Structures are given as structure tokens and as C-alpha cells.
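Everything on this sheet refers to the single structure shown next.
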Amino acid sequence: MSGMCLSIMRRLTSPAEPSSGTSAFTWINPPRTLRAISASGGEGWQGNTDYTDFHRTGLHSRLPPRGALMSASVGTVFTGIRFENPFLLASAPPTESDTNILRAFEAGWGGVVTKTIGMHPVVNVKGPKTRFLRSSPDTAQISMEKRANTALHSSWNWELISDKPLDWWLPRLRRIKDAYPDRVLVASIMAGSEDDRELDHWRELAEACQAQGVDAFELNLSCPHMDREDMGSNIGKNCELIDTVVRVVKAAARVPVWVKLTPTTTNIAKEAEAAFAAGADAISSSNTFTSLPLVDPQSLEFEVHVEGKVSYGGLGGPAILPQSLAKMAQMTTAFPDRSFSGIGGISDFTHALNYFLLGCGTVQVCTAAMLDRAIGPTIISGLISGMQAFLEQHAGDGWRTLDDFRGIRRDRIVAHSEIKRPDAKEYFGGHDAREGYAHPASIATDLPG
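Each step along the sequence shown adds one to the number in this note's numbering, with nothing skipped, and position 331 is 482.
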């Protein structure tokens, strides 16, 4: 396993994402019909009989599409699954219930990743679990305090995984898939790693969730503040544990397995390699960055605390966009033919575009959606319209789908030593000058003409 972590630039053999010719479709006769869902008392979409049967056998979304292929589309194919659009609601408080997830699909999200499901319910801290920091153009203050003339800076949370048990989730997963068989439901799951029993929990979670029709798994190896040392980012920082967990889930899974890695590592490409070598179909990144809430300058108390005590939490939102892009670039440049789902700081299509240009096949949104009626109806509308406008703008370039421009700026990212200097003759990469070297200023022939 140590060799696996050292050879991070080795190209792993795997088929690339499908070409644009098969990756995006506009449906003229979509394979779904509207009916009342008697179990819930509401209405939703249910697939035609043949489509539903294929879904239940694990072959859903891999069928050749029915309907006509139009000239341009926001649809795409990612890890073999057809998405109506490449925008997902990330695993977080907005996806903690079937009610919210159904609202998200109604709003137009192409996919939803559930709040992380575990074998046993957790007990979260008292009081607020997620807060939002704001900045102001008038002062340098960044604070959770609500005040006039501010803009969103970031989100901070110390919430754990779902506080609902597996048995609570299972019928709700089925209800969601019955209502929206054409939308992508990804089950985020987490267990421990300290012994064989914990590894069995990963297998049990996978088998139980896929029996309810989920389209893929996202393994949460990235939560920065779990209350157990054998969970979350403590797995995601360890190549051997990544290998073990991914292999266990892959052995049980009949649907694609995505691995959500922690950004709090030196070079995330090492951990990505471990995941891919173990069989992961995609990497999701970034989860939140380890952080603390700020201290109020007046009360001298942390802005979030329980009886004066605080612990580490996760920072997300606009503030982490550049960092998350850097982490993503480390992976997509090392593994350009593999699949990645970008997360971190996305509020509109211009942000999502950065991830697409680095090579991501989908993106996920959390903070911006939380501030937009919990599930982001305005956000998803803007993402879709932004992508449509972008494709129209570049119609002359022949861009009709995401695959036509995905990854086209990845090769611009190079080592710092490869960036051109004003006069390379003066620069030795920070090392001492070579013996006998004379500064160009003392040599007339080296001066600009």
C-alpha cells in the first residue's frame, strides 16, 4: 500500500467518461408518467413499467435513451448514470429528509446526495449546528452577527451525520425513487474502520440502501469533526483504510461508488489514487475544511459554543472556492481520465464552470442552497440557465454538451517552477547561483537590446 501512495502520478487504466455524442439528451418522449402516490398522499413522477423494472434490477439509467437527441443539452452521463443536468444538492442539512429531497427534485436538481446515513443514530450538539459568516465592504469584520450591508463569506458547522437510524431512511429512499425514477439519488453512507464488525456495517449499509433503488453511493471519508477517531476524515487521510473500505463496499455494490475525500491532506492525489486502485468509480471533493468559529470581540466568547465550550467544525461556502479548486486540480491533473464531482463554494454557474474546466463531470452545492429556501430553487434555476446561456454563447465553437469543454483548462496548471520568469538566466529555482555565474547586468550582451 505504501507504493500506492508514493506513485501518485501513475495513470490508472479506466475508461473515460462517455463522449459528448452519448452524454446529453433532451427528451421528446420522456420515460415517465404522472400519477398520485397513495403512500404519501401527494403526486410525483413514476416511471413506465419497463423503466421501473430495469431500475429495480440495477440497470436503470444505463439504457440507451429513448427520444430524440437535440443539438444542445445540459444533460450528461457521469459514472454511467444519465443526469438531466450536472448539478447536485450535496450531502448536508438540506438533504436530511425525504420531504426536502422531493422538494429539491421538484425544483430541478439533477441529483441529490442524502445526508450521510449510518447504522446507528448520532446525537448532535445542543443549539445551532450551522451558522453563516458575513463580510462587509465597510469594515474588515467577518462575523456571524447579522448586520446591514453584508455579503456571505462562508458557512460553519459542527453537525454530525444523520441523527435518523437506517430503518428510518430505507422506506423513504424507496418513496423518493418511486416519485422521481429519472432523477439521480445518491446515498451517502458512513461507518467506522476499527474492526471487522465496523467493516460489516459498510457492507450492510450498501446492501440495504441499494435494495431501495438508490443510483449510487458516496462514501463519506471526509467529515472533519466526527466524534469517533475511526470515522470520517480519519479514514480519508489514510491510504490503507481508504483501500480497505472501498473494497468492502465495491464487493457489495451493484451501483457506482463515489468516494468523498477530505481536503485536509498535503496532496489529495495520493488518497485519490488509493480510492481508484480499490475500485472507486469517482471522487467527490471538497468537504468542508477544519476550522473554528471566531471569538466575539465584545463578549470574548466564541460565536458558537455550548456552555462556553467549542470544538472543531467545518468551513464551507464562498471562502473555500479557491482552495477546493486547488485540491480538485491536484487530482484531475494526476488522473485526467477519471471521474470527479466538484464541491465547495458554488453559488452560480461561473463557479461551477471552474470545476468543469478542471475536468469535473458534475458539481454539488450546499451553502448557497441552504440560504435559498433550504433546497435552492433559485440556485438550481440559475445554474441551468447559466449553462444554457454558456452553450449558446459557444455554439460557434461546436460546444453542445458539457463533454465538449470539460477539462480544457486542466493542462494550464503546472508546477511553479514552470511559470515563465522575466529573465530565466537569473533564476535557479531558489538555489544558490552556479559557480562562476555572473549577473546579467554585468554582461553587456545579456542586456535587453
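All C-beta atoms in this analysis are idealised placements derived from N, C-alpha and C, irrespective of residue type, glycine included. Bear in mind that the values here come from a model prediction, so they are computed numbers and not experimental data.
Residue environment: G527 is assigned as buried (16 or more neighbouring CB atoms within 10 Å of its CB, all protein chains considered). Beta-bridge analysis with DSSP links S492 to S435 and T513. For S384, the uninterrupted alpha helix (DSSP H) segment begins and ends at S384 to G387.
Residue environment analysis places K277 among the exposed positions, since fewer than 16 neighbouring C-beta atoms fall within 10 angstroms of its C-beta. Residue pairing by DSSP places W409 opposite E369 and A433 in a beta bridge. Cβ-Cβ separation between E247 and T281: approximately 11 Å, too far for a contact (criterion under 8 Å).
Taking the Cα positions, L321 is about 17 Å away from V273.
For a cut-off of 8 Å, the C-beta gap from G496 to L472 is around 3 Å, short enough to register as a contact. Pairing L509 with L542 gives a Cβ-Cβ distance that is not under 8 Å. For the pair C390 and E422, the CB atoms are nearer than the 8 Å cut-off. Contact between W260 and L240 holds: CB atoms are separated by about 5 Å, below the 8 Å threshold. Here G549 has D555 as same chain residues with Cβ atoms under 7 Å from its own Cβ, once five neighbours each way along the sequence are excluded. The segment 528–547 makes no contact with the segment 558–565, as fewer than three CB pairs between them are under 8 Å.
Nearest C-alpha to M521 among A431, P244, C374 and F368: P244. Under the DSSP assignment, R326 falls in the alpha helix (DSSP H) whose first and last residues are L317 to A330. Classified as buried, F440 has 16 or more neighbouring CB atoms from the shown chains inside 10 Å of its CB. Here V274 carries a coil assignment [DSSP, helix/strand/coil].
With a beta-carbon spacing of about 5 Å, V408 and D432 fall inside the 8 Å limit used to define contacts.
Within the segment 462–487, the alpha helix (DSSP H) runs of at least 4 residues that lie entirely inside it are, in chain order, 472–485. With respect to the C-alpha of Y331, the residue from R254, P237 and T417 having the closest C-alpha is R254. Each residue's CA atom was taken as its position, placing H567 and F491 some 24 Å apart.
A338 is bridged by DSSP to F368.
Only residues of its own chain outside the window of five on either side were considered, and among them none has a CB closer than 8 Å to the CB of D347. In the structure shown, the three-state DSSP call for L253 is helix. Non-local C-beta neighbours of F453 in its own chain, meaning closer than 7 Å and more than five positions away in sequence, comprise P444, V446 and V461, ordered along the chain. Cα atoms of E380 and Y463: separation of roughly 14 Å, rounded to the nearest angstrom.
Under DSSP, W307 shares a beta bridge with R282 and L466. Annotation: V516 to V225 spans about 17 Å, alpha carbon to alpha carbon. CA-CA distance, S339 to V514, rounds to 15 Å. Taking A503 as reference, the option from F486, T484, I531 and R489 with the minimal CA-CA separation is I531. The residue from A428, P448 and Q292 with its alpha-carbon nearest to that of I393 is A428. No Cβ-Cβ contact shorter than 8 Å links M295 with M341.
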